[in-house]
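Going by this note's numbering, the first residue of the sequence shown is number 24, and it counts up by one from there.
Have a look at the structure below, then the notes.
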Amino acid sequence: RGGRLLVLVSSAFLVLIFTCSQLVILGNDCRLERERAVHAEDLLLQSQSSFEQTRQALEKQVEELKSQASGAPDGPEFQLREVTRLRQEVQRLKAEDAELRKENALLKDLKAKAETSPQEHDPKVIDRLPAVSTEITEDTLRMLASKGAIGVAIITCKRPKYLTRAMDSIFRAPRDPSMFPLVISQDANDAPMRELVQKNYVKTGQAFHMHHEHDPNAKAVAAKFGGSKQAMGYVLIAQHFGFVMKRMFDEFGFEAVIFLEEDLEVSPDFFSYFEAMKPILRNDKDLFCVSAWNDNGYQNLVLDPKAAFRTDFFPGLGWMMDKDLWDELRNHWAVAYWDEYMRRPDIRKHRHCIRPEISRSFTFGEEGGVSGGQFFKGHLGKIKLNDVMVDWSK
Numbered sequence: 024r025g026g027r028l029l030v031l032v033s034s035a036f037l038v039l040i041f042t043c044s045q046l047v048i049l050g051n052d053c054r055l056e057r058e059r060a061v062h063a064e065d066l067l068l069q070s071q072s073s074f075e076q077t078r079q080a081l082e083k084q085v086e087e088l089k090s091q092a093s094g095a096p097d098g099p100e101f102q103l104r105e106v107t108r109l110r111q112e113v114q115r116l117k118a119e120d121a122e123l124r125k126e127n128a129l130l131k132d133l134k135a136k137a138e139t140s141p142q143e144h145d146p147k148v149i150d151r152l153p154a155v156s157t158e159i160t161e162d163t164l165r166m167l168a169s170k171g172a173i174g175v176a177i178i179t180c181k182r183p184k185y186l187t188r189a190m191d192s193i194f195r196a197p198r199d200p201s202m203f204p205l206v207i208s209q210d211a212n213d214a215p216m217r218e219l220v221q222k223n224y225v226k227t228g229q230a231f232h233m234h235h236e237h238d239p240n241a242k243a244v245a246a247k248f249g250g251s252k253q254a255m256g257y258v259l260i261a262q263h264f265g266f267v268m269k270r271m272f273d274e275f276g277f278e279a280v281i282f283l284e285e286d287l288e289v290s291p292d293f294f295s296y297f298e299a300m301k302p303i304l305r306n307d308k309d310l311f312c313v314s315a316w317n318d319n320g321y322q323n324l325v326l327d328p329k330a331a332f333r334t335d336f337f338p339g340l341g342w343m344m345d346k347d348l349w350d351e352l353r354n355h356w357a358v359a360y361w362d363e364y365m366r367r368p369d370i371r372k373h374r375h376c377i378r379p380e381i382s383r384s385f386t387f388g389e390e391g392g393v394s395g396g397q398f399f400k401g402h403l404g405k406i407k408l409n410d411v412m413v414d415w416s417k
C-alpha cells in the first residue's frame, strides 16, 4: 500500500515536470530589440517567474508528503486522504498552467506589436500595427490592468472621419501597447462608426470596442435642463462618461485612465507625458487629475515644451484620473454637463490638476458634436499643439 502511494506521488511529480516543460517562453533572438518591447517582455518574465514559484512550492509539498508517508500508518483511510489531496494539487497546478498559457499568449502578441512599430517617431508615418491573431478582449484588459497599465478610453459617437484622424494621431505617438491599451467606447450604434471601428481597430487587434446604450430616462433628465436637443446631448455625454468610468475602473480594474474624444489629436510625447505623471497623481493628494490641455496655450503665449504647472481649473480635453477619484464620484456622478461638474468646488475640494505649458492635445471638432463647434474659431482652434518629442521620464 505504501508503495502505491509513492507511485502516485512520483506520478504527480512527473505531471508537474511535464507541465512546466510546456510553458511558452519567448525567444530573445531579435536582432533589433526595441525599447517599446521591453515592458511586454518584462511582464512575460514576471508571469514565468510566478509559475516557477508555484512549481517549487508544489515540489516541496510532494517531498513533505513522501516524508509523511514513510512514517505514517499504512492504512486505507490515510491513503485515501493523501491520494485525494494529491489529486487536488495536480488539478490546481493544471488550472494555473492553463491561465499562465493564456496570459503568455496575450503577452506574446503584445510583444510582437511593440517590436514591429517604428523605433523613432516620424510625423509623416502612421505606425498602424499589423493584424494579429488575437483580438483584445476583456480578459486582456483585466490582465494588463493588473500589471499596472494605464487604460486609454476614446469616447466616440457618429463622426467616423474624426475618429480616423484622432486614431492616426494616437498611432503616430510612440506607445507601448501593453502599457497603454486602447478602448473605443461608442455611444449608441451608428453603423458607419461601428464598421470603421471593427474593421480598422478591432480585427487588427489594436483596440477593444464597447457600446453605451442610451438611458430611456435621459429625456426626462434633459427636461430639468430646459429639454432642448443640446441639453439632451449633454445628458447623454455625461451618462456615456459614467458608463466608461464604471467599466474601466470597476470591471477592468485600471488604477488610472486617460480619456480622449473622437475630435482630439495628441502630441508625439503624449504617452510619455502621462506615464511620467501617473505616480505624481497617485502619490500627491493635492491633485485630482492630469490634463494634456492648456486653455491659455496660444502660439504667442507658450514657449517651454518641458514645462508643466498646477492649475485649479479643470482643463479636460485629454485628461487622466485615478480610481481613488472615481471611488469618490461613483455614487453621484454628473447627470449632465460633466466637465462643469468636475469644476465644482465640492468636487475639486481645493485640489489641483497638472497641465503642460504647451498643450499635448488639440481639438479639431469644428463640425458636429453637441457644442456645434462653439468657441472653435475664436479660441480652441488657436491653441498650439506640441510638436517636440520630450522624454518626460528624465
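All residues carry an ideal CB built from backbone N, CA and C; glycine is no exception.
Using C-beta distances below 6 Å, list every residue in its chain close to residue i, excluding the 5 sequence neighbours before and after it, in chain order.
i    : result
V244 : V258 and V358
A246 : none
P338 : S314, W316, D318 and R378
V411 : P328
G276 : R165 and A168
Y185 : E285 and D286
Y296 : R383 and W415
How would you write the range of the beta strand (DSSP E) that residue i sits in, first residue to last?
i    : result
R378 : H375 to P379
M271 : Premise fails: M271 is in no beta strand (DSSP E) and is neither H nor E.
From the options, pick the residue whose C-alpha is nearest to that of residue i; which is it?
i    : options                   : result
T334 : D350, L340 and N317       : N317
M268 : H235, G320 and K247       : H235
K407 : K242, G174 and N323       : N323
M343 : M190, R367, L310 and A241 : L310
S290 : G404, V413 and T179       : V413
D350 : M190, I207 and I370       : I370
I177 : R353, L340, L348 and A254 : L340
I165 : Y185, L129, T187 and S192 : Looking at the sequence shown, residue 165 is not Ile but Arg. For the residues Y185, L129, T187 and S192, the minimum Cα distance to R165 belongs to L129.
E274 : L116, N127 and M233       : M233
S416 : E298, T179 and G388       : E298
H263 : A254, K242, H237 and E278 : H237
L348 : V325, F336, K372 and L326 : K372
D76  : D213, G171, E119 and G249 : The question names Asp, yet the displayed sequence has Gln at residue 76. Taking only the C-alpha atoms, the option nearest Q76 is E119.
R270 : N409, L103, M300 and G174 : G174
N354 : D162, G265 and R115       : G265
T157 : E126, G171 and T187       : E126
Which of helix, strand or coil does DSSP assign to residue i?
i    : result
I303 : helix
W342 : strand
V289 : strand
V175 : strand
M190 : helix
H355 : helix
S208 : strand
R333 : strand
S384 : strand
E284 : strand
S295 : helix
V313 : strand
A196 : coil
Identify, in the order they occur along the chain, each residue of the same chain with its Cβ nearer than 8 Å to the Cβ of residue i, setting aside the five sequence neighbours on each side.
i    : result
A261 : W356, A357, V358, A359, Y360, W361 and Y364
I303 : L310, V313 and I377
Y224 : M190, L205, I207, A230 and H232
F336 : D318, R366 and C376
Would you kindly report the start and end of the unbroken alpha helix (DSSP H) that includes residue i?
i    : result
M268 : K252 to M268
T163 : E161 to S169
M216 : A214 to V220
V244 : A241 to A246
M233 : Segment F231 to H235 is the beta strand (DSSP E) holding M233; no alpha helix (DSSP H) there.
W361 : W361 to M365
P328 : From DSSP, P328 is part of no alpha helix (DSSP H); its letter is neither H nor E.
D369 : P368 to R371
Roughly how far, in whole angstroms, is the beta-carbon of residue i from the beta-carbon of residue j, given that I think they are within contact range, below 8 Å?
i    : j    : result
L209 : M216 : Residue identity differs from the one stated: residue 209 is Gln in this sequence, not Leu. Indeed, because the Cβ distance is near 6 Å, the residues count as touching under 8 Å.
P197 : L219 : That pair is no contact at about 24 Å.
V280 : F272 : 7 Å
E288 : A331 : With a Cβ gap of about 19 Å, E288 and A331 do not count as contacting.
I180 : A214 : Here residue 180 turns out to be Cys, not Ile, going by the sequence shown. Actually they do not touch by this definition, with Cβ atoms about 13 Å apart.
E278 : K346 : 5 Å
P385 : R188 : The sequence given here has Phe at residue 385, not Pro. About 11 Å separates the two Cβ atoms, so there is no contact after all.
A254 : F248 : 4 Å
By Cβ distance, which residues of its chain are closer than 7 Å to residue i, with the 5 residues on each side in sequence left out?
i    : result
Q84  : E112
S192 : E288 and V289
R374 : D309, L310 and F311
S382 : A315, W316, N317, G320, I406, K407, L408 and N409
I159 : P204, G228, A230 and F231
Comparing the C-beta of residue i with each C-beta of chain B, is any distance below 7 Å?
i    : result
V358 : Absence of chain B from the displayed structure is noted, only one protein chain being present.
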